[in-house]
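In this note's numbering, the protein residues as written are 39 to 377. Glycine included, every Cβ here is placed at the ideal spot set by N, Cα and C. These figures come from a predicted structure and were not determined experimentally. Okay, so here's the structure we're looking at.
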Ligand SMILES: [Zn+2]
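What follows is the structure, given as structure tokens:
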């Protein structure tokens, strides 16, 4: 009888026996905590999170901790401060303190059994916008005496970036006076997985009376005027002997249409507000085949702030106060579009 009882106990232990959490592992990119559990089941757990202390409590059912699991791990990397582990009543408990600005996501796996906590930095969760200052380096863009388009563009991009960086992850195709080809700009943006591409330029015309603000989106069927502006902006790569890559034409027709509609909506918002703050003539929005917009996989606009060839507008385009007002105005339109 006693022997039978012992066998029964052994069987119960076999069927309902606790598993061992064999180790705590860490992965980089993405940052993860992995708990390897010595069975093939889907782990059962409960979790609680306290935002103030940034403490995640995790209790994994029916498990004990391997002796190799340290009671306290002072991790202190970019996402985790420390991890405390302990057993209690056939459950394993973990107290994980995250660094500030870190979010997490828990997933479970079977065969082999695993519990994976992925840490996501909040700044990485912000949508990515690429800001593009037209021209740069040996390419001055449009000029009017000492007023250079490349300088106005970079000043404006920096101000705009400052306005947006609280809510978006901002990347710049250039942050100083360097030359970048047109095709490299959209490639950079696609590589960053941006949701929006915004290029800033200043216009020019041989007729010094030409004036006003206009915003462009990509179109395969431009008007004669829009084509002339695009031809000027597109001449950069050819001028410096850069061949266009066939890769830039891969965006398919459905994406093209969708991006065009979205870009047009953003362009309208930008041009209307911008003309209000500068007092420049509102020349509206137009579609044209800009090389810098053509390769973009996401909505993209090109802003011609005003005419640097027009003396009155040039004075305003270089005025820090006007630049600040323009940056605030463009940022407002982008925020409205992103809602
Ligand atoms: Zn330009």
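_Quick check on the DSSP output: what are the complete beta strand (DSSP E) runs of length 3 or more inside the stretch 130 to 213, in order along the chain?_
140 to 147, 152 to 159, 166 to 171 and 207 to 210
*Check whether the Cβ of residue 252 lies closer than 7 Å to any heavy atom of ligand 1, and answer yes or no.*
Taking the first residue of the chain shown as 1, we reach residue 252 at position 214. For ligand 1, not one heavy atom lies less than 7 Å from the Cβ of residue 252.
*Leaving out the 5 sequence neighbours to the left and right, which residues in its chain are closer than 6 Å to residue 131 when beta-carbon positions are compared?*
Taking the first residue of the chain shown as position 1, residue 131 is located at position 93. The answer, listed in chain order, is 97 and 124.
*What do you reckon, are the CB atoms on residue 334 and residue 182 nearer than 8 Å?*
The sequence position of residue 334 within the chain shown is 296, counting from 1. The sequence position of residue 182 within the chain shown is 144, counting from 1. The answer is no: Cβ separation not under 8 Å.
*DSSP state of residue 108, grouped into three classes?*
Residue numbering aside, residue 108 sits at position 70 when the chain shown is read from its first letter. Coil, per DSSP.
*Can you give me the Cβ contacts of residue 265 inside the same chain, cut-off strictly under 8 Å, excluding the 5 residues immediately before and after it?*
Residue 265 sits at position 227 when you count from the first residue of the chain shown. Excluding positions up to five away in sequence, the list reads 326 and 327.
*Please list the segments of the alpha helix (DSSP H) lying wholly inside the stretch 286 to 344, counting only runs of 4 or more residues, in order along the chain.*
291 to 316 and 329 to 332
_Nearest neighbour of residue 195, chosen from 211, 145, 142 and 311 [CA to CA]_ = Mapped onto the chain shown, residue 195 falls at position 157. Ranking 211, 145, 142 and 311 by Cα distance to residue 195 puts 211 first.
*Can you give me the Cβ contacts of residue 364 inside the same chain, cut-off strictly under 7 Å, excluding the 5 residues immediately before and after it?*
Residue numbering aside, residue 364 sits at position 326 when the chain shown is read from its first letter. Excluding sequence neighbours, residue 364 sits near 194, 312, 315, 316 and 343.
*asked:* At the level of alpha carbons, what is the spacing between residue 238 and residue 172?
replied: Taking the chain shown and counting its residues from 1, the one referred to as residue 238 is at position 200. Taking the chain shown and counting its residues from 1, the one referred to as residue 172 is at position 134. If you take the alpha carbons of residue 238 and residue 172, they lie about 6 Å apart.
*Please name the residue or residues paired with residue 120 in a DSSP beta bridge.*
The residue labelled residue 120 in the question sits at position 82 within the chain shown. DSSP output for residue 120 lists 112 and 135 as bridge partner(s).
*With C-beta atoms as the reference, is residue 73 less than 8 Å away from residue 153?*
Within the chain shown, the letter at position 35 stands for residue 73. Within the chain shown, the letter at position 115 stands for residue 153. Cβ distance < 8 Å, so residue 73 and residue 153 count as in contact.
*Flag residue 187 as yes when its Cβ comes closer than 7 Å to any non-hydrogen atom of ligand 1, and as no otherwise.*
Stepping through the chain shown from its first residue, residue 187 is reached at position 149. Correct: residue 187 has its Cβ closer than 7 Å to ligand 1.
_Assuming the contact rule is C-beta atoms closer than 8 Å, residue 321 and residue 244 should be a hit. Round their C-beta distance to whole Å, please._
The residue given as residue 321 occupies position 283 in the chain shown. The residue given as residue 244 occupies position 206 in the chain shown. Rounded, the Cβ-Cβ distance is 17 Å, inconsistent with contact.
*asked:* Once DSSP output is grouped into helix, strand and coil, what is the label at residue 375?
replied: Here the question's residue 375 lines up with position 337 in the chain shown. Note: residue 375 maps to helix in three-state DSSP.
*Can you check DSSP and say which residues form a bridge with residue 57?*
Residue 57 sits at position 19 when you count from the first residue of the chain shown. Paired residues: 101.
*Could you check the C-alpha separation between residue 75 and residue 128 for me, to the nearest Å?*
Working through the chain shown from its first residue, we reach residue 75 at position 37. Working through the chain shown from its first residue, we reach residue 128 at position 90. Distance between the alpha carbons of residue 75 and residue 128 is about 14 Å.
*Please indicate yes or no: does the CB of residue 171 lie closer than 7 Å to some heavy atom of ligand 1?*
By 1-based counting over the chain shown, the position of residue 171 is 133. No.
*Residue from 108, 307, 78 and 86 whose Cα sits closest to the Cα of residue 63*: For the purposes of this step, residue 63 is identified with residue 25 of the chain shown, where counting begins at 1. The candidate whose alpha carbon is nearest that of residue 63 is 108.
*Skipping 5 residues on each side, what residues in its chain have a beta carbon closer than 7 Å to that of residue 149?*
Position 111 of the chain shown holds residue 149. 78, listed in sequence order.
*Can you give me the Cβ contacts of residue 286 inside the same chain, cut-off strictly under 6 Å, excluding the 5 residues immediately before and after it?*
Working through the chain shown from its first residue, we reach residue 286 at position 248. Caution is warranted here: a pLDDT of 46 is assigned to residue 286, below 50, making its placement in the model unreliable, and the coordinate value is therefore given only provisionally. 221, 332 and 333.
*If you drop the 5 nearest sequence neighbours on each side, which residues of the same chain put their C-beta closer than 8 Å to that of residue 277?*
Your numbering for residue 277 matches position 239 in the chain shown. Correct list, in chain order: 177.
*asked:* Using a Cβ-Cβ cutoff of less than 7 Å, which residues in the same chain neighbour residue 318 once the five nearest sequence positions on both sides are dropped?
replied: For the purposes of this step, residue 318 is taken as the residue at position 280 of the chain shown. Answer for residue 318: 249, 250, 251, 344 and 351, listed in chain order.
*Given residue 101 as reference, the closest of 112, 84, 305 and 188 once Cα atoms are compared*: Position 63 of the chain shown, counted from the first residue, corresponds to residue 101. That would be 84, whose Cα lies nearest to the Cα of residue 101.
*Give the secondary structure of residue 72 by DSSP, where H, G and I count as helix, E and B as strand, and everything else as coil.*
As a first step, residue 72 must be located in the chain shown, where it is residue number 34. Reduced to three states, the DSSP call for residue 72 is strand.
*Where do the N-terminal and C-terminal ends of the alpha helix (DSSP H) with residue 262 fall, by residue?*
Here residue 262 is taken as the residue at index 224 of the chain shown, counted from 1. Where residue 262 is concerned, the enclosing alpha helix (DSSP H) stretches over 262 to 277.
*Beta-carbon separation (whole angstroms), residue 253 vs residue 305, contact threshold 8 Å*: Position 215 of the chain shown holds residue 253. Position 267 of the chain shown holds residue 305. The Cβ separation is near 4 Å, so the contact holds.
*Mind checking who residue 65 pairs with in its DSSP beta bridge?*
Counting from 1 along the chain shown, the entry for residue 65 is found at position 27. Paired residue(s): 70.
*Does the distance from the C-beta atom of residue 18 to that of residue 309 stay below 8 Å?*
With the chain running from 39 to 377 in the structure shown, residue 18 is simply not present.
*asked:* Can you tell me whether residue 256 is helix, strand or coil according to DSSP?
replied: Locating residue 256 in the chain shown gives position 218, counting from the first residue. Looking at residue 256 - three-state DSSP - the assignment turns out to be strand.
*Taking residue 228 as part of the beta strand (DSSP E), name the residues at either end of that continuous run.*
Here residue 228 corresponds to residue number 190 of the chain shown, with the count starting at 1. Here residue 228 belongs to no beta strand (DSSP E); instead the alpha helix (DSSP H) covers 220 to 229.
_Whole angstroms are fine: how far does the CA of residue 156 sit from the CA of residue 338?_
Here residue 338 is taken as the residue at index 300 of the chain shown, counted from 1. Here residue 156 is taken as the residue at index 118 of the chain shown, counted from 1. Near 32 Å, if we compare the C-alpha coordinates of residue 156 and residue 338.
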